[in-house]
Every structure is written in C-alpha cells, then in structure tokens.
Amino acid sequence: MDDLFLRACRREPVDRTPVWFMRQAGRYQPEYRALRERYGILDICRSPELAARVTLLPVEALDVDAAILFSDIMVPVAGMGASLRIEEGRGPAIDRPVRSASDLARLHVLEPEADVPFVTETIRELVKVLDRPLIGFAGAPFTLASYLVEGGPSRDYAATKALMWSEPKTWDRLLSLLAESMLTYLRAQVDAGASAVQLFDSWVGTLSARDYRDRVLPYSRRILEGVAGVPRIHFAVGASHLLESIRDADADVVGLDWRVPLDEAWARLGPGVAVQGNLDPAALLAPWDVLRDAAEDVQARAGGRPGHVFNLGHGVLPATDPDALRRLVDVVRGTGTGAGG
Ligand code: CP3
C-alpha cells in the first residue's frame, strides 16, 4: 500500500504529516458511550461486528490517516488462560495473579485462531471496507507481565520487580511465554491484513535503564524482530531514559510521550528511525490557542523531516471534546511536511 502513513513510517517523503491518535476510539465519543451502555468492553472486543464498528468510529468522525484495531492489550492474555476483567476507570484486573513458577502452569502459548478467533475475523472484515491502513497491536512482555503479576494496575510495580529480581528463571519463562504468544498474535494480525503493528510497553518506564536492557529488552526484541514486512512501532510512556534501548529492540518507528521534546529525542535516536508523537493528551483540554501552539510546536520540532507520524504522547483522555480533536487534525494538515510549516 503506497500510503501516507506507511510512507512516513518508512521515512519516505510525504505531502503532509499523517496523523492518528492512540485510543482514538473510546469514552470521549458519544457513540462509543452509547454502545457501552449495552455491552461490556470485552463483549465489544469479542464481537467482530461491534469491534469493527468501533474501530471505524474515529475514522469517520475525524478522518485520521490510520485505523487501529479496537481491542485491549489484555484480550490475548485472557486467551492464554488468565481470568481477565476490565474495571471501569481502573483497567485490567486478573483474579489469580502470577507469583510463582506453579502459577505459570495456568497459561499456555497463544494460538490466535483457536484462542482469539474474533481478532483476525475483525481484521478481515475491516480491511474489506477500509480505504486506509489498519494498525494491529499487542502489549509488550513487561507491561503484560505487570498486570499478570500485580493482578491489576500498580503504582510501584513492586511485586513485578520482586519476581524479576528474585526468580530470574520464572521471569524468563513468563516473559518468553508472553513474547512467543505476542509474536504469533502479531503475525496472525498481519496475515489477516494489518498493514503496521504497534507494540505497547506502556509501563516499562518504571525500570532503570540497566534492568530494561538486561531483563526486558531481549523479549521485546524477539517480538519485533519476528514480525516482517510491515512497519513496527514501539511505544512506551515515561521512558525518556530508555529511548535508545526502545529503538534497539528493533523498531522502525519509536513512539514518544510528551515529556521529551521531539527534536531532542530524534537527535538521540538518530536518522535511522521514524518517530511518532508527541502532543500531551491533556493539551486537548486547554484553550484553543494553547492547543494550537502545542501542536505547531510538535510540527516545528519535526521540522518537515521524512519519518514523522503525528500522534499524542499517550491515549486520548475520556474528558476530551471530539471537536477539539477534529480541529487538531486540521492544524496538523495545515502545518509540517510539504505545507511550508
Ligand atoms: O487505541 C485505540 O483506539 C484502540 C483500543 C485500545 C484499548 N486499549 C481499548 C480500551 C488500545 C490500543 C488499548 C491498549 C491498552 N490497554 C494499553 C496500552 C496503551 C496505553 O494506553 O498505554 C494498556 C496499558 C491497556 C490496559 C487498559 N485497558 C487500561 C489502562 C484501560 C483504561 C481504564 C479506564 O477505564 O480508563 C483499559 C480499558 C480500555 N481499553 C478502555 C478502552 C477504550 C476503556 C473504555 C471502557 O471501559 O469502555
């Protein structure tokens, strides 16, 4: 597909900067909230008809340059045997956390077509109707392990780090199991028609650079190295101290949060990768001139160089006004590459 977004991922010149948003489908949308009154989030993820419909909502409402599969990073982990709930306003919860080697026996390597057949079915339906790329995704081993070990969201990841340091063999088995499963999962998504993939390591910023490099990066690299033929985006939050390692895990595109200025991050990463980001999602709640200035600052820092995909530094917040996102898309289209900005 000779497409704007894919070209930018490959660092080829484009007429204008492509734009999409993490969590572009979600609670900020009245149409999504209406569906959620009738269905749980996991019901939506597990129904190809509903998941496809929700995936298309932001494409229609915002005319973004890429769609992202509507699902959750923990859906395939449930397919591996974990008992998953998603609690409103809090996030994923696991009933019996993984704390020891014997707990691992409850999990098996994911077989996408058997364990989560609705995912590839959703993708096959979507690519029939979409006129732009569909991004597939998976959670990275550390972030998935953190939910499995903590049993839910965490502030300090103490149980996860304790397992990582005190039971290195169990840690290796857990992260290997997750890496093998997510590699198979992403390959299945690409085979079904996804034209790019994003690996979300949202919570890995809690680690020191040394622990990340020694105890986590090798597993994320197994996944990224194993996915061939499509651009691979690697994203973490609060991980400015890990940027070079995030790149070294074999990404084509490094996702940046808002804490690091885009030009400084790109200078550190070098010219061999594209970057995605990095407007603070909270800026969408600011007065219009503040939002516009912040978006133009991101564009100015990208400097029209090939290889920038405009995005937020993390997901769209539920309090966001859909109109603010629409106007943001217009600003991005009027600045940056090829528009004299
Ligand atoms: O980006 C998209 O539009 C695709 C959909 C998507 C969801 N989750 C749907 C969802 C994606 C890409 C994810 C990934 C995900 N899930 C990540 C990585 C990205 C990130 O935000 O860092 C993480 C860490 C999770 C775990 C998770 N699931 C969290 C933190 C939450 C939010 C808790 C809350 O209620 O605010 C969820 C639930 C979830 N996943 C929602 C959505 C739209 C919330 C909406 C709902 O309950 O209906």
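Going by the working numbering, the first residue of the sequence shown is number 990, and it counts up by one from there.
Glycine included, each C-beta is placed from N, C-alpha and C at the ideal position.
- Tell whether a beta-carbon distance below 7 Å holds between V1116 and G1182. For the pair V1116 and G1182, the CB atoms are nearer than the 7 Å cut-off.
- Task: Enumerate, from N- to C-terminal direction, the unbroken alpha helix (DSSP H) stretches of 4 or more residues contained entirely within the segment 1244–1303.
- Result: If we require 4 residues or more, the alpha helix (DSSP H) runs fully inside the segment 1244–1303 come out as 1251–1258 and 1277–1291.
- Query: Mapping DSSP to helix, strand and coil, what is R1162?
  - Reply: Note: R1162 maps to helix in three-state DSSP.
- Item | Beta-ladder partner(s) of I1057, from DSSP | In the DSSP output, where bridge partners are listed per residue, I1057 has I1124.
- Per-residue DSSP class, three states only, for G1182: Three-state DSSP puts G1182 in coil, outside helix and strand.
- For G1070, the three-state DSSP class (helix, strand or coil): Residue state, collapsed to three classes: coil.
- Local conformation of P1081 per DSSP, three classes: Look at P1081 here: in three-state DSSP terms it is strand.
- Message: Quick check: is any heavy atom of the ligand CP3 less than 6 Å from the C-beta of Q1013?
- Response: The ligand CP3 has a heavy atom closer than 6 Å to the beta-carbon of Q1013.
- Query: the ligand CP3 heavy atoms versus the CB of G1259: any closer than 6 Å?
  - Reply: Checking every heavy atom of the ligand CP3 against the Cβ of G1259, none is found closer than 6 Å.
- Message: Following a CB-centred definition, is S1191 positioned closer than 6 Å to any heavy atom of the ligand CP3?
- Response: Correct: S1191 has its Cβ closer than 6 Å to the ligand CP3.
- Query: Is A1225 helix, strand or coil when you go by DSSP?
  - Reply: Looking at A1225 - three-state DSSP - the assignment turns out to be strand.
- Task: Indicate the three-state DSSP secondary structure (helix, strand or coil) for L1188 in the structure shown.
- Result: Per DSSP, reduced to three states, the secondary structure at L1188 is strand.
- Could you name the residues of the same chain whose beta carbon sits closer than 7 Å to that of G1296, not counting the 5 residues immediately before and after it, in chain order? Answer for G1296: A997, R1000, A1263 and V1264, listed in chain order.
- Between the C-alpha atoms of P1122 and A1151, what's the straight-line distance to the nearest angstrom? The straight-line gap from Cα to Cα measures roughly 40 Å.
- Message: Quick check: L1251 and N1267, are their CB atoms within less than 7 Å of each other?
- Response: A Cβ-Cβ contact shorter than 7 Å links L1251 with N1267.
- Query: Cβ of I1112 versus every heavy atom of the ligand CP3: is any distance shorter than 6 Å?
  - Reply: Incorrect: I1112 has no Cβ contact closer than 6 Å to the ligand CP3.
- Three or more C-beta pairs below 8 Å linking the segment 1308–1318 and the segment 1008–1026: Contact holds: three or more Cβ-Cβ distances are below 8 Å.
- Query: If we ignore side chains and look at the alpha-carbon of each, how far apart do H1097 and G1302 end up?
  - Reply: In this structure, the alpha-carbon of H1097 lies about 33 Å from that of G1302.
- In whole angstroms, what separates the C-alpha of F1126 from that of S1072? In this structure, the straight-line span from the alpha carbon of F1126 to that of S1072 is close to 21 Å.
- Under three-state DSSP, which class holds V1098? Assignment of V1098 by DSSP, reduced to helix, strand and coil, places it in the coil class.
- In chain order, what residues of the same chain have a beta carbon less than 8 Å from the beta carbon of L1206, not counting five sequence neighbours either side? Apart from the 5 residues on each side of it in sequence, L1206 sits with its Cβ closer than 8 Å to the Cβ of S1234, D1237 and A1238 in its chain, given in chain order.
- Message: Closer than 8 Å is the cut-off here; do at least three beta carbon pairs connect the segment 1213–1225 with the segment 1169–1178?
- Response: Taking one beta carbon from each stretch, the segment 1213–1225 and the segment 1169–1178 have 3 or more pairs nearer than 8 Å; the two touch.
- Is the Cβ-Cβ distance between R1199 and L1093 less than 7 Å? No, the Cβ-Cβ distance between R1199 and L1093 is not below 7 Å.
- Inspect the CB distances between the segment 1100–1120 and the segment 1031–1041 and report whether three or more fall short of 8 Å. Here the segment 1100–1120 lies against the segment 1031–1041, with 3 or more beta-carbon pairs under 8 Å apart.
- Message: For a test of the three-state rule: what should DSSP assign to E1214, helix, strand or coil?
- Response: When secondary structure is reduced to three states using DSSP, E1214 falls in the helix class.
- So Y1021 is in the alpha helix (DSSP H); what residue range does that whole segment cover? From DSSP, the alpha helix (DSSP H) with Y1021 extends over P1019 to R1027.
- Item | For P1311, the first and last residue of its enclosing alpha helix (DSSP H) | Judged by DSSP secondary structure, P1311 falls within the alpha helix (DSSP H) whose first and last residues are P1311 to G1323.
- Task: Using DSSP bridges, identify the partner residues of I1075.
- Result: DSSP, once it has assigned bridges, lists P1081 as partnering I1075.
- Work out the CA separation of D1269 and G1015 for me, nearest whole Å. When rounded, the distance between both Cα atoms is 17 Å.
- Query: What three-state label does DSSP hand V1193 in the structure shown?
  - Reply: In the three-state reduction of the DSSP assignment, V1193 falls in the helix class, which pools H, G and I.
- Item | Identity of the residue in F1059, V1298 and V1064 nearest D1241 by Cα | The option with the nearest alpha carbon to D1241 is V1298.
- Query: CB-CB under 7 Å to G1068, same chain, minus the five flanking residues each way: which ones, in chain order?
  - Reply: The answer, listed in chain order, is L1099, D1104 and V1105.
- Item | Nearest residue (CA-CA) to V1186, options I1124, R1095 and R1204 | I1124 is the residue among I1124, R1095 and R1204 whose C-alpha sits nearest the C-alpha of V1186.
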